[in-house]
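Remarks on the structure that follows.
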Amino acid sequence: MVTIWEPPGLSGGKPHYLTLADAIGADIAAGRLRPGDRLPPQRELARRLGVAIATVGRAYHVAARRGLLTGEVGRGTFVAPVPALAVPAAAPVLDVAAVHPPGHGPVHRAVAPILHRIAADPEAVGAEEANAVRHRIAGARWLTHAGWRPDPDTVEVTAGGQHGLAAALAAVAEPRHVVVTTELANPGLLAAARLLRVELATVPSDAAGPRPDAVDRLCARRRVAALHLHPTLHNPTGLTMPAERRRELAAVAAAHDLTVIEEDPFGALLPDRPPPVAAWHARTVHLSGITKTLAPGLRIGYRYAPPSLAEPLRAAAQALAWSPAPLVAEVATELVLSGAAHQLAAARAAQLAGRAAFARELLGGRVSAPGPAPFAWVRLDHDAEAVTAAARRRGVAVAGTDEFAARRGAPRGLRVSLSADEDTVRTALHALARLLPG
């Protein structure tokens, strides 16, 4: 017998098939549809909703991919029984572990004419020094926000954010020196610290970010070389520190004569973010870039530093990678100076905000998915490892706590990328919603 099921209307900005697939998932989660219930035939539901049969068929297909429905030839479409939610080992992997932007579509259309122009210029391959000033001007423009405007002479171009971060650590800390960071931190910091044999000491955070009193107490006990901060759309929690917390941390750094290493890889997605810590603390190395915002193939970063740190930073950067590829730096420069980079970032931020809203709606209060962050952080306490493993068994690749933990006993959870294609993100979120403990 066909279940009497009336989905909500299909209004809204997203495709009708996704709206319908989401409604199926929501009603299963709410208990309005139960395992074994038979859904209306596609033709009948299409007539009731006033859409094409193909729209309903596509929605059923997406819901089946999410593990929500099963089909039986000659019988119809049914809500999947609980055991059927396990995806076979051979199922395609839904990768929501990495946060790389897709790099196609609008970004490709913006980059293509720049590449054609470079290809037509016989001097382009040997123009490293000739374009260096333009590249620094572009970097200064990309870093500028909230009234903070670094002089182009204080900006250097790096071969991506990780190059800039590793060089900053190498320049300000020697082996066995202590660098303070948060309990959950960017995996790139953890990797660079291991490589350089730098000790990471952690401080707890509250709703505004790392606690200044904890930093102050740690500096009173230990000899600390630097304070590492990720104040905007923190990886992996998505937290953005308010201006007051940034000022407080800058004051603690000044009181203890610390160098601050400030990462801002996602800042362009939040143009109204507060000023950087660099606006209040002179000895700050501020790192950003276009890679995490626009495309992984545009591996270009920008580093601001005061003149007193310029030479050690330059020496460390050259030892690690000499310099970024001049042709890639030229593409980035054209995108920034033309305004295209900021336009692309704004469009991406709007897309990510919609996905974050969907994640909050589906996963509830345990998820932190603020605004345009390219990921969501799901707080799981003691269930983190079990849920992460179960997700991977079902073909959903997520990033677990261990990838971010700067110390044992760090807060538990998992990071879900919102950067993949729309259907992958939604399918993965639905799968996770079924796995999360009640």
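Residue numbering for the sequence shown follows the UniProt record's numbering, starting at 1 and increasing by one per position.
C-beta atoms are modelled at their ideal positions from N, C-alpha and C, and glycine is treated no differently.
Keep in mind that this is a model prediction, so the values were computed, not measured.
Option nearest residue i by Cα separation, candidates the options
i: aspartate 165; options: Gly301, Arg355 and Ala391; result: This sequence places leucine at residue 165; aspartate is not what is there. Comparing Cα positions, the closest option is Gly301.
i: arginine 222; options: Glu248, Asn186 and Val180; result: Val180
i: histidine 228; options: Arg48, Asn131, Ala406 and Ala310; result: Ala406
i: valine 133; options: Tyr60, Asp22, Glu334 and Ala389; result: Glu334
i: glycine 105; options: Ala410, Phe358, Arg348 and Arg394; result: Arg348
i: leucine 436; options: Ser417, Thr424, Asp423 and Ala386; result: Ala386
i: glutamine 351; options: His234, Thr427 and Glu422; result: Glu422
i: alanine 391; options: Val416, Thr232, Gly50 and Ala410; result: Val416
i: alanine 317; options: Glu123, Ala168 and Asp27; result: Ala168
i: residue 451; options: Ala170, Asn186, Ala185 and Leu233; result: There is simply no residue 451 to check, as the chain begins at 1 and stops at 438 in what is shown.
i: glycine 209; options: Ala193, Arg194 and Asn235; result: Asn235
i: alanine 420; options: Asn131, Phe375 and Val260; result: Phe375
i: histidine 430; options: Leu363, Pro306, His135 and Ala173; result: Leu363
i: alanine 63; options: Ala98, Asp27 and Glu44; result: Asp27
i: proline 326; options: Arg283, Ala59 and Arg136; result: Arg136
i: leucine 39; options: Asn131, Gly57, Asp216 and Trp142; result: Gly57
i: alanine 310; options: Ala433, Thr284 and Leu68; result: Thr284
i: leucine 195; options: Gln162, Leu258 and Asp213; result: Gln162
i: alanine 45; options: Arg32, Tyr60 and Leu337; result: Checking the sequence shown, residue 45 turns out to be leucine, not alanine. The option with the nearest alpha carbon to leucine 45 is Tyr60.
i: residue 445; options: Asp216, Val157 and Gly67; result: Outside the displayed span of the chain (1 to 438) sits residue 445, for which this structure offers no information.
i: alanine 357; options: Ile24, Thr55, Val425 and Gly395; result: Val425
Close-in-space but distant-in-sequence residues of the same chain around residue i (CB under 8 Å, 5 per side omitted)
i: alanine 384; result: Gly400, Thr401, Arg412, Gly413 and Leu414
i: arginine 176; result: Arg197, Val198 and Glu199
i: proline 102; result: Ala295, Ser419, Ala420 and Asp421
i: leucine 270; result: Thr232, Leu233, Thr240, Ala349, Gly371 and Pro372
Residue span of the alpha helix (DSSP H) that contains residue i, given as start and end
i: serine 308; result: 307 to 321
i: histidine 228; result: No alpha helix (DSSP H) holds histidine 228; the beta strand (DSSP E) holding it covers 224 to 229.
i: leucine 435; result: 422 to 435
i: threonine 333; result: 326 to 337
i: residue 446; result: Here the chain has residues from 1 to 438 only, and residue 446 is not among them.
i: leucine 45; result: 42 to 49
i: residue 439; result: This structure leaves residue 439 out entirely; the chain is present only between 1 and 438.
i: valine 172; result: 161 to 172
i: alanine 406; result: Here alanine 406 belongs to no alpha helix (DSSP H), and DSSP marks it neither H nor E.
i: arginine 392; result: 384 to 393
Spatial neighbours of residue i in its chain, beta-carbon cut-off 6 Å, leaving aside the 5 residues before and after
i: glycine 71; result: Thr77
i: glycine 238; result: Ser368, Pro370, Ala373 and Trp377
i: alanine 140; result: Pro150, Pro152 and Val155
i: valine 51; result: His16
i: alanine 353; result: Gly371 and Pro372
i: glutamate 6; result: none
i: proline 88; result: Low local confidence applies: a pLDDT of 44 at proline 88 is under 50, so the model's placement there is unreliable, with the coordinate-based value given in what follows. So no residue of the chain qualifies.
First through last residue of the beta strand (DSSP E) which encompasses residue i
i: arginine 415; result: 413 to 417
i: valine 155; result: 155 to 158
i: arginine 197; result: Premise fails: arginine 197 is in no beta strand (DSSP E) and is neither H nor E.
i: histidine 286; result: 284 to 289
i: glycine 301; result: 301 to 304
Coil, strand or helix - residue i by DSSP
i: arginine 360; result: helix
i: leucine 184; result: strand
i: isoleucine 206; result: Here residue 206 turns out to be aspartate, not isoleucine, going by the sequence shown. It is a strand residue.
i: alanine 89; result: In this prediction, alanine 89 has a pLDDT of 43, which is less than 50 and means its spatial position is unreliable; what the coordinates show is noted afterwards. Here alanine 89 sits in coil by DSSP.
i: aspartate 95; result: strand
i: proline 83; result: Reliability of the predicted coordinates at proline 83 is poor, the pLDDT of 43 falling under 50, and no value is obtained from them.
i: glycine 371; result: coil
i: histidine 145; result: strand
i: tryptophan 5; result: coil
i: glycine 400; result: strand
i: residue 447; result: A query on residue 447 cannot be resolved here, the shown segment of the chain reaching from 1 to 438 and no further.
i: arginine 34; result: coil
i: leucine 115; result: helix
i: arginine 66; result: coil
i: alanine 192; result: helix
i: alanine 376; result: strand
i: threonine 55; result: helix
i: glycine 71; result: strand
i: glycine 365; result: helix
i: glycine 139; result: helix
i: glycine 354; result: helix
Cβ shell of residue i (< 7 Å), same chain only, five flanking positions each side left out
i: arginine 34; result: Val79
i: alanine 340; result: Ala110
i: alanine 90; result: Low per-residue confidence applies at alanine 90: pLDDT is 44, beneath 50, and the placement is therefore not dependable, though the value from the model is reported in the following sentence. Cβ within range, chain order: n/a, list empty.
i: arginine 299; result: Ala159, Gly160, Thr291 and Val328
i: alanine 253; result: Leu227, Val260 and His281
i: leucine 344; result: Pro106, Val107, Ala110 and Leu294
i: proline 15; result: none
i: valine 277; result: Leu229, Pro231, Arg246, Leu249, Ala250, Val260, Glu262 and Thr284
Write down every uninterrupted run of the beta strand (DSSP E) in the region 244 to 275 whose length is 3 residues or greater and which is fully enclosed by it, in chain order.
Inside the region 244 to 275, DSSP marks whole beta strand (DSSP E) runs of 3 or more residues at positions 259 to 263, from first to last along the chain.
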